[in-house]
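Here's the structure we're looking at; comments come further down.
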Amino acid sequence: MTAGGLGAQAASAERRERSPRATEGLGAAEAPRLITELPGPKAREVLERDGRTTSPSLPRAYPFVPARGAGSVLEDVDGNRFLDLNAGIAVTSTGHCHPLVVEAVQRQAGELLHYSASDFYLPIYSELAERLDEVAPMAGPTRAFLTNSGTEAVEASIKLARWSTGRQYVIAFYGSFHGRSYGSVSLTASKATYRAGFGPLLPGALHAYYGDGRDLPGGVPEAAEGFPTIDHIEHFVMQRIVAPDEVAAVVVEPVLGEGGYIVPPDGWLAALRELCDRHGILLVCDEVQSGMGRTGKMWAVEHMGVEPDILIAGKGIASGMPLGAMIAKDAVMTWTKGTHGSTFGGNPLSCAAAIATLDVIRDEELLEQAAKIGDSLKNGLQDLQTRREAIRDVRGVGLMIGIDLPDHDAAAAVERAAFDRGLLVLGCGERAIRMSPPLVITEEQARTGLEVFEEAVAEVST
Ligand SMILES: Cc1ncc(COP(=O)(O)O)c(C=O)c1O
329 MTAGGLGAQA ASAERRERSP RATEGLGAAE APRLITELPG PKAREVLERD GRTTSPSLPR
389 AYPFVPARGA GSVLEDVDGN RFLDLNAGIA VTSTGHCHPL VVEAVQRQAG ELLHYSASDF
449 YLPIYSELAE RLDEVAPMAG PTRAFLTNSG TEAVEASIKL ARWSTGRQYV IAFYGSFHGR
509 SYGSVSLTAS KATYRAGFGP LLPGALHAYY GDGRDLPGGV PEAAEGFPTI DHIEHFVMQR
569 IVAPDEVAAV VVEPVLGEGG YIVPPDGWLA ALRELCDRHG ILLVCDEVQS GMGRTGKMWA
629 VEHMGVEPDI LIAGKGIASG MPLGAMIAKD AVMTWTKGTH GSTFGGNPLS CAAAIATLDV
689 IRDEELLEQA AKIGDSLKNG LQDLQTRREA IRDVRGVGLM IGIDLPDHDA AAAVERAAFD
749 RGLLVLGCGE RAIRMSPPLV ITEEQARTGL EVFEEAVAEV ST
């Protein structure tokens, strides 16, 4: 323990005094408004304390220090206003502090904060499971296991797939991100940093090439019949490395998130589904980033006409409260009493936020909104691409949009130049910027976002 906690104590006292309605009016703002240099004086204090006290492993992107938010707008500790095209990394699906989500959490907090759903029967846990079943992309009945995060839901899916098939191997994809705990990081293959120094990882985790094969040695094969990456699994991985009847599951992101916001070619996921069916392998779709309406449908797999056996949800599921879900076909989730559980998973506050999130997505027609604004944002970026040579590719579905720049340094420079103008975007993949705003973003805010993004690209191009 060290002396010097006064800054933190003062911050806590100030927080207690602040009006609970401090975000009123903020969400309607259309443009960023900067009133200090960045980071400002209060932000610098936080950075200083943080630098002394928190884990140096945290991969901070730039010195943004948020204090409050509403809709797609955030204010930092110095009163600077930012337009948020990150949504806290694809989390605040209904926007920051949606009043109905906040109210649901407050009401639940006044009634019951916790009682372990693993050992007893929380009504709100099964209520949410029923609501998830209603929106699950599977035709038959499903069951849900709730967690505190995406990575725990991925862990649960590895365990369930092994348990229910009696097989050991799991195939994931180069470029994918499934989390950082041991099972999920063994599947993650987007950056070596996530794995370096932590081996040995989970035995039985194998990798194959994703989508159009851009990671294949030699790049995307020219005008091939079928899908070379699926052929590679069948004729290489399953011939040389693992017999198909030893593979429990293929775990796949229907749209790559952290790995670059990459959409696989039409028909690719269906071909993967068909390969799994032929060999009795479970298809696990990780929709932690692409789910909850981000792509303009509740789940990205719905664009692809594919039913997973197990669906993983997280991030946007509870608009910012910590929650993950493993949703599996009833016929797959057959594991028996005591095989898996969690003290906090499916915490009542997070469940209340998730139910409110589902209500808001339905009542405010946010799927339609995400599809519509996603299209205009993507069209605007494609238009920008014709004017700015630095923009090499624009891709995505709905409000999950990736923009390639010439290299990693250029992407990092655009990210920073945008921040310096009050626009929050984030890098992904080798050289991309991702845009994943709250689903409630307005046309005007999206237009402003485009203008500021163009200025950031222009600064870096000159
Ligand atoms: C596709 C995907 N799966 C899993 C995870 C892990 O989720 P969490 O960070 O909540 O553990 C992430 C997080 O970025 C993700 O994007």
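Every position in the sequence shown, counted from 1, becomes a number in this note's numbering once 328 is added.
Built from N, CA and C at the ideal position, the CB exists for glycine as well.
Looking only at A576, P592, T671 and Y522, the smallest Cα-Cα distance to L386 is reached by Y522. Straight through space, the alpha carbons of E376 and L603 are spaced by roughly 52 Å. Of the candidates P384, A338 and T475, the residue whose Cα lies closest to the Cα of S670 is T475. Just so you know, the alpha carbons of I638 and H426 end up roughly 29 Å apart. Judged by the Cβ position, E483 fails to qualify as a neighbour of ligand 1 at the 7 Å threshold, every heavy atom of the ligand being at least this far. Ligand 1 never approaches V565 closely enough for any of its heavy atoms to be under 7 Å from the residue's Cβ. Taken in chain order, the complete beta strand (DSSP E) segments of 3 residues or longer contained in the region 375-458 are 394-398, 401-404 and 409-412.
Around the CB of Y497, 16 or more other CB atoms lie within 10 Å, so the residue is classed as buried. By the neighbour-count criterion, in which 16 or more other beta carbons inside 10 Å mark a residue as buried, F747 falls on the buried side.
Not one heavy atom of ligand 1 lies closer than 7 Å to the C-beta of G438. For V463, same chain residues with a beta-carbon under 6 Å away, outside a window of 5 residues either side, are M626 in chain order.
Inclusion of G726 and L751 in the CB contact set at 8 Å is not warranted, their separation being larger than that value.
Here L754 is bridged, per DSSP, to R762.
Counting other Cβ atoms within 10 Å of its Cβ, R759 reaches 16 or more and is therefore classed as buried.
The beta-bridge partner set that DSSP reports for A536 consists of F501. For a cut-off of 8 Å, the C-beta gap from V583 to I590 is around 7 Å, short enough to register as a contact.
Excluding five sequence positions before and after T364, the CB atoms of its chain that fall closer than 7 Å to its own CB belong to D406 and N408, given in chain order.
8 Å or more divides the Cβ of G539 from the Cβ of G507.
The beta strand (DSSP E) runs lying completely inside the region 692-761 and spanning 3 residues or more are 721-725, 728-732 and 754-756, given in chain order. Between the region 681-689 and the region 633-647 there are three or more C-beta pairs closer than 8 Å, enough to call the two in contact. Under the rule that a run must span 3 or more residues, the beta strand (DSSP E) segments found entirely inside the region 510-581 read 533-536 and 575-580. Excluding sequence positions up to five before and after G624, its CB lies within less than 7 Å of the CB of L695, A698, A699, G702, V725 and G726, all in the same chain and listed in chain order. Leaving aside the five residues that flank G595 on each side, none in its chain has a CB nearer than 7 Å to its CB. Scanning its chain for C-beta atoms nearer than 8 Å, with the 5 sequence neighbours on each side dropped, one finds around I719 the residues L709, L712, Q713, I731, D732, L733 and V785, in chain order. Contact check for L366 against P391 passes: the beta carbons are separated by less than 8 Å.
Distance from the Cα of M661 is smallest, within the candidate group I417, S446, L534 and W491, for W491. Counting only residues of its own chain and dropping the five nearest sequence neighbours on each side, G652 has a CB closer than 6 Å to the CB of T475, S477, G478, E480, A481 and G642.
Excluding five sequence positions before and after E771, the CB atoms of its chain that fall closer than 8 Å to its own CB belong to I701 and S704, given in chain order.
A direct Cα-to-Cα measurement between Y449 and K665 gives close to 14 Å.
Where R471 is concerned, the enclosing beta strand (DSSP E) starts and stops at T470 to T475. The secondary-structure analysis by DSSP pairs L639 across a beta bridge with C613 and I655.
Our two residues, L544 and E550, have alpha carbons roughly 12 Å apart in a direct line. M626 is bridged by DSSP to nothing; it lacks a bridge partner. Distance check between V753 and each of D404, H631, R622 and F410 places F410 closest, using alpha-carbon atoms only. For I645, there is no enclosing alpha helix (DSSP H), as DSSP gives it neither H nor E.
With distances taken between CA atoms, M620 lies nearest to R459 out of L597, R762 and R459.
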